[in-house]
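Participant:
There are 2 protein chains.
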Amino acid sequence: MSDLDIVKPTLIVNKERVRRNIKTISEKAWYSGVRFRPHFKTHQNAMVGDLFREAGIESITASSIDMAKFFADNGWKDITIGFPVNVLQMNDIKSLAREVNLGLLVESIETVKFLGENLDTAADIWIKVDTGYGRTGIDSKKGSRIKDIISETRKFNNLTLKGLLTHAGHTYNAVSEDDIRQIYDDTAEKLQKVRSYLETEGFENIEISIGDTPSCSLVEEFNGIDEIRPGNFVYYDYMQLLLGSCREEDIACAVGCPVVAVHEEKDEAIIHGGAVHLSKEQVRNSNGDISFGAVALPAENGWGKILKNSNVFSISQEHGKVRLDNETLESIKVGSILMVLPVHSCLTANLLKENTVLI
Amino acid sequence: MSDLDIVKPTLIVNKERVRRNIKTISEKAWYSGVRFRPHFKTHQNAMVGDLFREAGIESITASSIDMAKFFADNGWKDITIGFPVNVLQMNDIKSLAREVNLGLLVESIETVKFLGENLDTAADIWIKVDTGYGRTGIDSKKGSRIKDIISETRKFNNLTLKGLLTHAGHTYNAVSEDDIRQIYDDTAEKLQKVRSYLETEGFENIEISIGDTPSCSLVEEFNGIDEIRPGNFVYYDYMQLLLGSCREEDIACAVGCPVVAVHEEKDEAIIHGGAVHLSKEQVRNSNGDISFGAVALPAENGWGKILKNSNVFSISQEHGKVRLDNETLESIKVGSILMVLPVHSCLTANLLKENTVLI
Numbered sequence: 639m640s641d642l643d644i645v646k647p648t649l650i651v652n653k654e655r656v657r658r659n660i661k662t663i664s665e666k667a668w669y670s671g672v673r674f675r676p677h678f679k680t681h682q683n684a685m686v687g688d689l690f691r692e693a694g695i696e697s698i699t700a701s702s703i704d705m706a707k708f709f710a711d712n713g714w715k716d717i718t719i720g721f722p723v724n725v726l727q728m729n730d731i732k733s734l735a736r737e738v739n740l741g742l743l744v745e746s747i748e749t750v751k752f753l754g755e756n757l758d759t760a761a762d763i764w765i766k767v768d769t770g771y772g773r774t775g776i777d778s779k780k781g782s783r784i785k786d787i788i789s790e791t792r793k794f795n796n797l798t799l800k801g802l803l804t805h806a807g808h809t810y811n812a813v814s815e816d817d818i819r820q821i822y823d824d825t826a827e828k829l830q831k832v833r834s835y836l837e838t839e840g841f842e843n844i845e846i847s848i849g850d851t852p853s854c855s856l857v858e859e860f861n862g863i864d865e866i867r868p869g870n871f872v873y874y875d876y877m878q879l880l881l882g883s884c885r886e887e888d889i890a891c892a893v894g895c896p897v898v899a900v901h902e903e904k905d906e907a908i909i910h911g912g913a914v915h916l917s918k919e920q921v922r923n924s925n926g927d928i929s930f931g932a933v934a935l936p937a938e939n940g941w942g943k944i945l946k947n948s949n950v951f952s953i954s955q956e957h958g959k960v961r962l963d964n965e966t967l968e969s970i971k972v973g974s975i976l977m978v979l980p981v982h983s984c985l986t987a988n989l990l991k992e993n994t995v996l997i
Numbered sequence: 639m640s641d642l643d644i645v646k647p648t649l650i651v652n653k654e655r656v657r658r659n660i661k662t663i664s665e666k667a668w669y670s671g672v673r674f675r676p677h678f679k680t681h682q683n684a685m686v687g688d689l690f691r692e693a694g695i696e697s698i699t700a701s702s703i704d705m706a707k708f709f710a711d712n713g714w715k716d717i718t719i720g721f722p723v724n725v726l727q728m729n730d731i732k733s734l735a736r737e738v739n740l741g742l743l744v745e746s747i748e749t750v751k752f753l754g755e756n757l758d759t760a761a762d763i764w765i766k767v768d769t770g771y772g773r774t775g776i777d778s779k780k781g782s783r784i785k786d787i788i789s790e791t792r793k794f795n796n797l798t799l800k801g802l803l804t805h806a807g808h809t810y811n812a813v814s815e816d817d818i819r820q821i822y823d824d825t826a827e828k829l830q831k832v833r834s835y836l837e838t839e840g841f842e843n844i845e846i847s848i849g850d851t852p853s854c855s856l857v858e859e860f861n862g863i864d865e866i867r868p869g870n871f872v873y874y875d876y877m878q879l880l881l882g883s884c885r886e887e888d889i890a891c892a893v894g895c896p897v898v899a900v901h902e903e904k905d906e907a908i909i910h911g912g913a914v915h916l917s918k919e920q921v922r923n924s925n926g927d928i929s930f931g932a933v934a935l936p937a938e939n940g941w942g943k944i945l946k947n948s949n950v951f952s953i954s955q956e957h958g959k960v961r962l963d964n965e966t967l968e969s970i971k972v973g974s975i976l977m978v979l980p981v982h983s984c985l986t987a988n989l990l991k992e993n994t995v996l997i
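For the protein sequence lines, the chains are A and B, in the order given. Just so we're aligned: 845 in the numbering used here is position 207 of the first sequence, and the numbers increase by one with no gaps anywhere. Just so we're aligned: 968 in the numbering used here is position 330 of the second sequence, and the numbers increase by one with no gaps anywhere.
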């Protein structure tokens, strides 16, 4: 690690683990016969994008128009924006639709009408459906509302209705792996019911797209589904480990943080690594403590095993307070590097976009 | 506001309020005869820096070496880095010390020795003291340890011992305005005790520098203090309003967020405005609800009054879920803008550095 020369908070990405994570989900998707359209919001990084390309991926998801532009500029030609259409950025949407095969998310007749009337090239339309997460989308029980939106879509030659899309984000609140599988089954069942209803109403070829990393990691085979869009799996993180979606050795990024003070009498060190690097996302770890990140030491392949009795237990803007076990405390000093496995890698990677190193 | 053309999450800064906030603290500092060295970590913005310059401010605080470099490049010549020295960035510290009057924060003999031996130009040294916040610094009761660090400093001709510096961040946990004043008094008293002890040991001209916005906002006169370094006061935010450090009309920034979905049956709207714009900082509002931001409507001078029964009650990476009162719900649609007063403006301004507009 010393040759990495970490001098300030830096996101270290282990390429071998990224490749393995991509391969695992790719193969599972291939085996199930579903399209794999990974969400790039987690890494937002052109070089990590290249690792997906190496694995044969051509279709991606972005979470904002600006992010879609970024990846279009990096040569991606098939992009779904997995976020309800922001009609205020219509000019950007128009130029994107000219440049790539663009998928857009709608949940109202008004937005469909607006797109139909304003887009001057073709776009794919996905209807956002809420299967229980409760964030956004049309309640899966409201089939007739979904039908009305599809009917509206069909009025416009430039819009192609692709299908139903959901993000079962409630898997993040799951209490067990079985719970996650249960949410997946429930989500798939609800979407298939909507599809059946639409078929009886004469609408054919409706695809189903699902998204969350916990489901995509734990479910062995995707039945009755056409597309998966997980994002976080590329790095995973401490939260996913605690959820049971990944193993420790699947976590593919960590933040190298310089130690700036050691308080031996309190078993604590202060690191340069705070809310502007890690984000304020927190989780309760297996010891029951609030955690802003798990702690490891630098090692040959980036970082070693998580230190069981160490924890980033408090953060402010730039500071992280780390509780350390005695052995680690004795081994570090001001100027040492501690590796922090982030609670939520999407937010951490976003904050450290300009300070990311692939190893 | 329509001429502002907000099309994506954008930090709107009200210059008139910024100027007034600067003036209030400047005048108080002048009246008390203390140096005002505002912390620029909140805004991190060259144009907001210019508003301080207009007000006659010449000395500033930064929270990292990179931030100090940014403001040095913007013409600031007297910068204290209010964060323990990160010895790994010694090359950057050396070039900064050549360029500006640099103040550095230490809390160990080892760091002083390292600086003394490695700096090739002069720097000011502040000793970080912990008066009860418990984050970092030397416990104010450990006078002899502080004395030892000062003695070490005096061995090096390039180091000038300036004094004792603290951040009484525990004012953020205060339960009342009186509580904040009490913490300030306690902090000042503890630092003055250390200074008295050092004087009896023969060390003269030890300055005292304090920092937090709640204290600097509520205390009328700074006695026995030489320097104040608040930062957040430039914008304030929803947290400071709830703490009682500011009035609603002092809050000088808000995030313009496009509405991307309206769920009338749930009294909710979905905005483009999530953890990558607002941060995940949360607070409990006066209704007892978890809040990721207060909500207002766009208005002539940026935004109107906080809507009492509206609230950003949940956020994910890009989405914000907003509970809206009936009147507001009826007045908005997809494509409307909601203004979100951030919980913690420092983190929000950091996230929206590239999307900030001064009005």
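Just so you know, even glycine gets a beta-carbon here, dropped at the ideal spot from N, CA and C.
1) So what's Thr804 (chain A) in DSSP terms, helix, strand or just coil?
2) Would you please state the rounded distance, in angstroms, between the beta carbons of Thr699 (chain A) and His677 (chain A)? I believe it to be under 8 Å.
3) For Ala899 (chain B), would you say it is in contact with chain A, using Cβ-to-Cβ distances shorter than 7 Å as the test?
4) Might you give, ordered along the chain, the residues of its own chain that have their beta carbon closer than 6 Å to the beta carbon of Phe752 (chain B), omitting 5 neighbours on each side?
5) Kindly list, in the order they appear in chain A, the residues whose Cβ is closer than 9 Å to that of Ala913 (chain B).
6) When DSSP builds the beta bridges, which residues end up paired with Lys904 (chain A)?
7) In this structure, how does DSSP classify Ser640 (chain B) when only helix, strand and coil are distinguished?
8) Tell me whether the region 955-969 of chain A and the region 662-673 of chain A touch, counting them as touching only if at least three CB pairs, one residue from each stretch, are closer than 8 Å.
9) Hey, Val897 (chain B) and Val972 (chain B): beta-carbon distance below 7 Å or not?
10) Under 7 Å, Cβ to Cβ, is there at least one residue of chain A near Gly694 (chain B)?
11) Return the chain-ordered list of same chain residues with a C-beta closer than 7 Å to the C-beta of Ser855 (chain A), the five sequence neighbours on each side being excluded.
12) Along the region 722-739 of chain A, where does the CB come closer than 9 Å to a CB of chain B? Name the residues.
13) Below 8 Å on the Cβ atoms is my contact criterion, and I expect Trp764 (chain B) with Lys800 (chain B) to pass it. Report the Cβ-Cβ distance as a whole number of Å.
14) Residues in the same chain with beta-carbon distance under 6 Å from Ile970 (chain A), minus the five sequence neighbours each way, listed in chain order, please.
15) Under 8 Å, CB to CB, which of the residues in the region 952-964 of chain A have a partner in chain B?
16) Exposed or buried, which one is Glu906 (chain A) when buried takes at least 16 other CB atoms within 10 Å?
17) Is it a yes or a no for the region 823-840 of chain A touching the region 768-779 of chain A, going by three-plus beta-carbon pairs under 8 Å?
18) According to DSSP, what are the bridge partners of Met977 (chain A)?
19) Using a C-beta to C-beta distance shorter than 7 Å, which residues of chain B count as neighbours of Thr774 (chain A)?
20) Since I believe Val900 (chain B) is in contact with Gly931 (chain B) (beta carbons under 8 Å), could you give me their beta-carbon distance rounded to a whole number of angstroms?
21) Report yes or no: is there a C-beta of chain B within less than 7 Å of the C-beta of Glu745 (chain A)?
22) Where does the unbroken alpha helix (DSSP H) through Asn988 (chain A) begin, and where does it stop?
23) Would you verify that the beta carbon of Ser701 (chain B) is, or is not, closer than 7 Å to some beta carbon of chain A?
24) Out of A:Gln820, A:Ile663 and A:Arg675, state which residue places its alpha-carbon closest to the alpha-carbon of Arg867 (chain A).
25) Whose C-beta lies closer than 7 Å to the C-beta of Glu845 (chain B) among residues of the same chain, with five residues either side of it excluded?
26) Would Gly869 (chain B) count as contacting chain A if we go by Cβ distances under 7 Å?
27) If you count every other CB in all the chains shown that lies within 10 Å of the CB of Val813 (chain B), and 16 or more means buried, which is it?
28) For the 8 Å Cβ check, are there 3 or more pairs between the region 930-946 of chain B and the region 727-739 of chain A?
29) Around the C-beta of Ser640 (chain B), are 16 or more other C-beta atoms found within 10 angstroms, so that it is buried, or is it exposed?
30) Taking only beta-carbon atoms, is Ile749 (chain A) less than 7 Å away from chain B?
31) Residues of chain A with a CB under 9 Å from the CB of Asp704 (chain B): which are they?
32) Starting from Val767 (chain B), follow the beta strand (DSSP E) in both directions and report where the run begins and ends.
33) How many whole angstroms separate the CB atoms of Pro647 (chain B) and Leu990 (chain B), which I take to be in contact at a CB cut-off of 8 Å?
34) For Arg961 (chain A), write down the residues that DSSP places opposite it in a beta bridge.
35) To test your reading of the DSSP string, which unbroken alpha helix (DSSP H) runs of 4 or more residues are found completely within the region 778-822 of chain B?
36) Does the CB of Gly973 (chain B) have a neighbour CB from chain A at under 7 Å?
Facilitator: Reading off the structure:
1) coil
2) 4 Å
3) yes
4) Val725
5) Ser917, Lys918, Glu919, His982, Cys984, Leu985 and Asn988
6) In DSSP, Lys904 (chain A) forms no bridge with anything.
7) A caution first: Ser640 (chain B) carries a pLDDT of 48, below 50, which makes its placement in the model unreliable, though a value can still be read off. Ser640 (chain B): helix per DSSP, three-state reduction.
8) no
9) yes
10) no
11) Phe871, Ser883 and Cys884
12) Pro722, Val723, Asn724, Val725, Leu726, Gln727, Met728, Asn729 and Asp730
13) 5 Å
14) Val897
15) Ser952, Ser954, Gln955, Glu956, His957 and Lys959
16) buried
17) yes
18) A:Gly894 and A:Ala934
19) Ala899, Ile908 and His957
20) In fact, because the Cβ distance is near 18 Å, the residues do not count as touching under 8 Å.
21) yes
22) Ser983 to Leu989
23) yes
24) A:Arg675
25) Lys800, Gly801, Asp864 and Glu865
26) no
27) exposed
28) no
29) Since pLDDT at Ser640 (chain B) reaches only 48, below the 50 mark, its modelled position is unreliable, and the value read off the structure follows with that caveat. With fewer than 16 Cβ atoms within 10 Å of its Cβ, Ser640 (chain B) is classed as exposed.
30) Per the sequence shown, the amino acid found at residue 749 (chain A) is Thr instead of Ile. So yes, Thr749 (chain A) belongs to the interface.
31) Lys646
32) Ala761 to Asp768
33) 7 Å
34) A:Glu906 and A:Asn949
35) 781-791
36) yes
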